[in-house]
Amino acid sequence: MPFSVRPVIEPFHLPPSVQMGQRLSITCTVVKGDPPISLRWLRDERDLPKDGDVRIHNLADYSSTLLFDPVKPEHRANYTCVASNEAGSERHSAAMVIHGMHTTTT
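Take the sequence shown: its position 19, counted from the start at 1, is 17 in the working numbering, and no numbers get skipped.
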């Protein structure tokens, strides 16, 4: 009897210093697992809004990229990619820390 292999995500990382106003992308790639594989993104453990200013670009059935253009203060969060198929699921997270968010008042 055949069995399915659950997805395995290649770990992704964010730069330790993300600057406000820069362009940034995060790519989640599934390196193992039987199709069909479903990919979705979470921001702070909630589904990423489809109508938000962060774009999701699915490159293939096994890869998805978040696009930030430009990075804004509200993008500071923990981003999680979730890959699922009938055999199970896997998730990988990375935190975005934004520098340059403080304004100086005189």
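No residue lacks a Cβ here, since even glycine has one placed at the ideal position from N, Cα and C.
Check	Outcome
Proximity of PHE1 and THR25 at Cβ, strictly below 8 angstroms	no
Buried/exposed call for SER15, threshold 16 Cβ in 10 Å	exposed
Extent of the continuous beta strand (DSSP E) to which HIS90 belongs	86 to 94
Supposed close pair HIS90, ILE7 - CB separation, criterion 8 angstroms	5 angstroms
Check whether GLY19 and PRO68 have beta carbons under 8 angstroms apart	yes
Contact under 8 angstroms by Cβ, VAL52 with HIS73	yes
Helix, strand or coil at ILE24 [DSSP, three-state]	strand
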